[in-house]
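Residue 916 in the working numbering is what sits at position 12 of the sequence shown, and the numbering runs on without skipping anything.
Even glycine gets a Cβ: it sits at the ideal position worked out from N, Cα and C.
Notes for the one structure printed next.
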Amino acid sequence: MIEKSLKLSVAESCTGGLIASRITDIAGSSEYFDAGMVTYSNAAKIRFLGVPEELLIRHGAVSRETAESMAQGVRRATGSHVGLSVTGIAGPGGGSDLKPVGTVFIGISWEEGVLVKGFLFKGDRKEIRQQASDAALQMVIDHLEVESV
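Put into structure tokens, the structure is as follows:
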């Protein structure tokens, strides 16, 4: 990101700031990390990221559509080149047959488009959050290697 002079912002739900923390653990991260938002509640997703309430009602907070809207919203709100979002069910409760504990959607938004991937992680709450943050950071790395952001 530094070589391309890009800024990254993150909108986190189930990871609760873990991704932003891991990024800022690295010396020099201020060169590419702009902002991190923990938008845990639906109200926060609506207020800070502009996620449409109708989208949350129709698809739920844990969905591809919400991850996409969150990634676009954090990029728009901060003016960053790349927006990263994570929404999911870390457990131990909150899961269902359609969306079991460990269901996570990660989105990346950039000027030319958006990419969302779904995951089903196994483990306890801490392990699921760690796996989600690992996957999100790897998605950014992979994206930067492929795309000319």
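TODO: Could you tell me whether the stretch 926-934 touches the stretch 950-970, using the rule of 3 or more Cβ pairs below 8 Å?
DONE: no
TODO: Please list, in chain order, all residues of the same chain as Val955 whose beta carbon is under 7 Å from its beta carbon, the five residues on each side excluded.
DONE: Looking up residue 955 in the sequence shown gives position 51. Lys949, Thr970, Ser973, Met974 and Gly977.
Task: Chain-order list of residues whose beta-carbon lies under 8 Å from that of Glu957 (same chain, five-residue window excluded) - done: Sequence index remark: in the sequence shown, residue 957 carries index 53 (1-based). Correct list, in chain order: Asn946 and Ile950.
Open item on the list: On a Cα-Cα basis, can you pick out the residue from Ser925, Asp1038 and Glu1015 that is closest to Phe1009?
Closed with: In the sequence shown, residue 1009 corresponds to position 105, counting from 1. The candidate whose alpha carbon is nearest that of Phe1009 is Asp1038.
Open item on the list: Tell me the DSSP secondary structure of Ala965 in three-state form.
Closed with: In the sequence shown, residue 965 corresponds to position 61, counting from 1. Residue state, collapsed to three classes: coil.
Task: Pairwise C-alpha distance: Met905 and Ile1045 - done: Mapped onto the sequence shown, residue 1045 falls at position 141. Mapped onto the sequence shown, residue 905 falls at position 1. Approximately 9 Å, taken between the alpha carbons.
TODO: Figure out for me which residue from Gly1006, Leu1002 and Leu988 has the closest Cα to the Cα of Pro996.
DONE: On the sequence shown, residue 996 is found 92 positions in, with the first residue counted as 1. Ranked by how close their Cα comes to the Cα of Pro996, the residues Gly1006, Leu1002 and Leu988 have Gly1006 in first place.
Task: C-beta contact flag for Phe952 and Ala924 at 8 Å - done: The residue labelled residue 952 in the question sits at position 48 within the sequence shown. The residue labelled residue 924 in the question sits at position 20 within the sequence shown. Not a contact, by the Cβ cut-off of 8 Å.
Task: Cβ pair Val1018, Ile993 closer than 8 Å - done: Within the sequence shown, numbered from 1, the residue matching residue 1018 stands at position 114. Within the sequence shown, numbered from 1, the residue matching residue 993 stands at position 89. Not a contact, by the Cβ cut-off of 8 Å.
TODO: Compute the distance between the beta-carbons of Leu912 and Arg1033, then report whether it is under 8 Å.
DONE: Within the sequence shown, numbered from 1, the residue matching residue 912 stands at position 8. Within the sequence shown, numbered from 1, the residue matching residue 1033 stands at position 129. Result no, Cβ atoms of Leu912 and Arg1033 do not sit closer than 8 Å.
TODO: Compare the beta carbon distance of Ser984 and Gly1011 with 8 Å and say whether it is the shorter of the two.
DONE: Within the sequence shown, numbered from 1, the residue matching residue 984 stands at position 80. Within the sequence shown, numbered from 1, the residue matching residue 1011 stands at position 107. Contact flag unset, no.
- [ ] Report buried or exposed for Gln1035, applying the criterion of at least 16 other Cβ atoms within 10 angstroms of its Cβ.
- [x] Counted from its first residue, the sequence shown places residue 1035 at position 131. By the neighbour-count criterion, in which 16 or more other beta carbons inside 10 Å mark a residue as buried, Gln1035 falls on the buried side.
Open item on the list: Suppose the cutoff is 7 Å on Cβ atoms and the five residues either side in sequence are ignored; what does the same chain contact list for Lys1026 look like?
Closed with: One-based indexing of the sequence shown puts residue 1026 at position 122. Once the five neighbours on either side are set aside, the close Cβ partners of Lys1026 are Gly1006.
Open item on the list: Taking a contact to mean a Cβ-Cβ separation below 8 Å, would you say Arg968 touches Gly920 in this structure?
Closed with: Your numbering for residue 968 matches position 64 in the sequence shown. Your numbering for residue 920 matches position 16 in the sequence shown. Remark: C-beta atoms of Arg968 and Gly920 do not approach each other more closely than 8 Å.
Task: Environment of Ser1013 [buried if 16+ CB atoms lie within 10 Å] - done: In the sequence shown, counting from the first residue as 1, residue 1013 sits at position 109. Ser1013 comes out buried.
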